[in-house]
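Below you'll find the structure, written out as structure tokens, and then a few comments.
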Amino acid sequence: MSTQTVFRLTQAEGISGLHATQEPIPTPGPHELLIKIHSIALNYRDTAIATSTYPLPIRDGVVPTSDMAGSVVELGPLVTGFEVGDRVIPPVSASYLYGAFKEGVDAYGSVEDGMLREYVVLPAHIVVKLPTGAKIGFREWAAVVCTGATVWNAFYGNVALRPGDTVLLQGTGGVSITGLVFAKAAGAIIIVTSSSDEKLEKAKALGADYTINYKTHPNWAAEVLRLTNGEGVDHIIENGGLGTIEQSLECVAASGVISLIGFLSNAGQQSQPSILMPALVKAVVVRGVRGGSKHQLEEVVRYMGKHELAMPVGKVFGFNREEIVAAFEYVASGKHFGKVCISLD
Ligand SMILES: NC(=O)c1ccc[n+]([C@@H]2O[C@H](COP(=O)([O-])OP(=O)(O)OC[C@H]3O[C@@H](n4cnc5c(N)ncnc54)[C@H](OP(=O)(O)O)[C@@H]3O)[C@@H](O)[C@H]2O)c1
């Protein structure tokens, strides 16, 4: 029987609790695909799971990570619509495929085994086929699985982003840089914040119109209002949580949208009853975003494939324990710009 290398996480040991095992390469059932994984991309969530700071349940011994791009190597006997060699990505959850988010949805890599392995069997109906003509590689496709569907949901899942709208992206991690790629292609005016001038230069090179260092400008909302002639921004990708929401409410435009996505700045802060008053006064939509559905990921793939929009990948690590642990630690340190991938090729 052929075997593959699979990484599992021993919870109590943190990131260093990742260990390699040899396990059988599974056989696809009648409606399933066997997929060879070519590239894996990391999210903040993966480091939170590895360090036991993730707020949702985690299974000890789980195969971590949700985002990958691969190619079909074997089809179950009843599968239609796929061929061997098709390039594919999965959504982050097998139970959030279409329509609105419902309770009980969980992503791969926390309870359900994820993608840190060489081969995986997935139900054919959840898998998204990638365009054949586009010049986008496996690592760039892996890099949009979670952040692509999430940002698409934020920009198009309720009040749609329009050309000429102003967008504020907090930080330069995976969510924000995905937002930069999409907002640029949509003809929006983009403001990016970061703790690092070096990362802000990279954001400018990718098309950011304005940048603000939130360390040297702790009152960055005033700077956003100055840059927008007092009007504020139409769409905010809210990654900070409690530490940023007050300023987001200060600099959102009337009838603007704040997509509540991350909680990177929450440590030790208490919520205050009056904090959401500006949302009422400005009649803004403050909307929680729980990833994106398979349908939204399909729209991402169609959009990115058509416009040949490749997600910039900041750094790539190899598929061995030492490199994988270094990749998790790199994302946990926040030194990265955009996405970090693990390549199996
Ligand atoms: N709701 C959802 O469905 C969903 C989906 C995906 C991700 N998320 C969440 O979204 C957040 C971002 O995820 P990610 O994968 O993009 O993380 P990431 O790649 O690790 O990005 C981290 C970056 O966020 C920036 N940041 C940290 N604190 C900040 C603050 N106070 N103000 C502004 N920026 C700050 C930093 O950018 P600089 O280094 O440039 O300062 C940091 O490098 C996380 O909380 C994650 O759990 C939620």
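Counted the way the working numbering counts, the sequence shown spans residues 355 to 699. The C-beta atom is built at its ideal place from N, Cα and C for all residues, glycine as well.
To which residues of the same chain is F682 closer than 8 angstroms at the C-beta, ignoring the five residues directly before and after it? Counted from its first residue, the sequence shown places residue 682 at position 328. Within the same chain, F682 has close Cβ partners I369, L372, L396, D400, T401, A404.
Which residues in the same chain as S530 place their Cβ atom closer than 7 angstroms to its Cβ, once the five residues preceding and following it in sequence are excluded? Start at 1 with the first residue of the sequence shown, and residue 530 comes out as number 176. So the qualifying residues of the chain are L523, Q524, V546, I591, N593.
Which residue comes first and which comes last in the alpha helix (DSSP H) that contains Y510? For the purposes of this step, residue 510 is taken as residue 156 along the sequence shown, with counting starting at 1. Residues 499 to 510.
Would you grab the beta carbon distance between H392 and D699 for me? Rounded to a whole angstrom, and I think it's under 8 angstroms. The residue given as residue 392 occupies position 38 in the sequence shown. The residue given as residue 699 occupies position 345 in the sequence shown. 5 angstroms between Cβ atoms; contact.
Span of the alpha helix (DSSP H), counted from its first residue to its last, around K558: Here the question's residue 558 lines up with position 204 in the sequence shown. Where K558 is concerned, the enclosing alpha helix (DSSP H) stretches over 551 to 559.
Please say whether V475 and I443 have beta carbons closer to each other than 7 angstroms? The residue labelled residue 443 in the question sits at position 89 within the sequence shown. The residue labelled residue 475 in the question sits at position 121 within the sequence shown. Not in contact: I443 and V475 (Cβ atoms no closer than 7 angstroms).
May I ask you to check if the CB of L618 is nearer than 6 angstroms to at least one heavy atom of ligand 1? Translated into positions along the sequence shown, residue 618 becomes position 264. For ligand 1, at least one heavy atom lies less than 6 angstroms from the Cβ of L618.
Going straight from the alpha carbon of H589 to that of T582, what length do you get? As a first step, residue 589 is located in the sequence shown; it is residue number 235 there, counting from the start. As a first step, residue 582 is located in the sequence shown; it is residue number 228 there, counting from the start. So the two alpha carbons sit approximately 13 angstroms from each other.
On the three-state DSSP scale, how would you describe L630? Working through the sequence shown from its first residue, we reach residue 630 at position 276. Three-state DSSP puts L630 in a helix.
I'd like to confirm something about I612: is its beta-carbon nearer than 6 angstroms to some heavy atom of ligand 1, or not? Position 258 of the sequence shown holds residue 612. Outside the cutoff, so no.
State yes or no: is the C-beta of D414 within less than 7 angstroms of the C-beta of Q358? Locating residue 414 in the sequence shown gives position 60, where the first residue counts as 1. Locating residue 358 in the sequence shown gives position 4, where the first residue counts as 1. Their beta carbons are not under 7 angstroms apart, which means D414 does not touch Q358 by this criterion.
Measuring straight from C-alpha to C-alpha, what distance separates K660 and L451? What you label residue 660 is simply residue 306 of the sequence shown in a count that begins at 1. What you label residue 451 is simply residue 97 of the sequence shown in a count that begins at 1. Approximately 22 angstroms, taken between the alpha carbons.
Inter-residue CB distance, A608 and A637 (contact presumed, cutoff 8 angstroms): Counting from one through the sequence shown, the residue named residue 608 turns up at place 254. Counting from one through the sequence shown, the residue named residue 637 turns up at place 283. So it is a contact: roughly 7 angstroms between Cβ atoms.
C-alpha gap between V417 and E466, whole angstroms: Taking the sequence shown and counting its residues from 1, the one referred to as residue 417 is at position 63. Taking the sequence shown and counting its residues from 1, the one referred to as residue 466 is at position 112. When rounded, the distance between both Cα atoms is 8 angstroms.
Range covered by the beta strand (DSSP E) that runs through L372: Position 18 of the sequence shown, counted from the first residue, corresponds to residue 372. Unbroken beta strand (DSSP E) run through L372: 372 to 378.
For H690 and E677, I'd like the C-alpha separation in whole angstroms. Along the sequence shown, one-based indexing puts residue 690 at 336. Along the sequence shown, one-based indexing puts residue 677 at 323. Approximately 15 angstroms between the Cα atoms of the pair.
C-alpha distance - P632 paired with S550, whole-angstrom precision: Taking the sequence shown and counting its residues from 1, the one referred to as residue 632 is at position 278. Taking the sequence shown and counting its residues from 1, the one referred to as residue 550 is at position 196. Each residue's Cα considered, the two are about 29 angstroms apart.
Which parts of the segment 573 to 660 are runs of the alpha helix (DSSP H), unbroken and 4 residues or longer, counting only runs that do not cross its ends? 574 to 581, 596 to 605, 631 to 636
Looking at G594 and ligand 1, is the gap between the Cβ and the nearest heavy atom below 6 angstroms? Counting from one through the sequence shown, the residue named residue 594 turns up at place 240. The answer is yes for G594.
Taking 6 angstroms as the line, does the beta carbon of N297 fall inside it for any heavy atom of ligand 1? Missing from the structure shown is residue 297; the chain here goes from 355 to 699 and no further.
If we ignore side chains and look at the alpha-carbon of each, how far apart do M469 and G584 end up? As a position in the sequence shown, residue 469 is number 115, starting the count at 1. As a position in the sequence shown, residue 584 is number 230, starting the count at 1. So the two alpha carbons sit approximately 46 angstroms from each other.
For K558, is the beta carbon positioned less than 6 angstroms from some heavy atom of ligand 1? Residue 558 sits at position 204 when you count from the first residue of the sequence shown. Outside the cutoff, so no.
Please classify E330: is it buried, with 16 or more other beta-carbons within 10 angstroms of its beta-carbon, or exposed? Absent from the model: residue 330. The displayed extent of the chain is 355 to 699, so no value can be given.
Please state whether the Cβ-Cβ distance between V535 and L651 is less than 7 angstroms. Here residue 535 corresponds to residue number 181 of the sequence shown, with the count starting at 1. Here residue 651 corresponds to residue number 297 of the sequence shown, with the count starting at 1. No.
Compute the distance between the beta-carbons of G642 and L614, then report whether it is under 7 angstroms. Sequence index remark: in the sequence shown, residue 642 carries index 288 (1-based). Sequence index remark: in the sequence shown, residue 614 carries index 260 (1-based). Yes.
Buried or exposed for A423, please, with buried defined as at least 16 other CB atoms from any protein chain shown within 10 angstroms of its CB. By one-based count along the sequence shown, residue 423 stands at place 69. The residue in question, A423, is buried, as its Cβ has 16 or more Cβ neighbours within 10 Å.
If N507 sits next to G688, beta carbons under 8 angstroms apart, how far is it from one beta carbon to the other, in whole angstroms? As a working note, residue 507 is residue 153 in the sequence shown. As a working note, residue 688 is residue 334 in the sequence shown. Their Cβ separation, rounded to whole angstroms, is 24 angstroms, which puts N507 and G688 out of contact at 8 angstroms.
When the Cα of I389 is compared with those of A539, Y473, I629, which residue comes out closest? Here the question's residue 389 lines up with position 35 in the sequence shown. Of A539, Y473, I629, the residue nearest in Cα terms is Y473.
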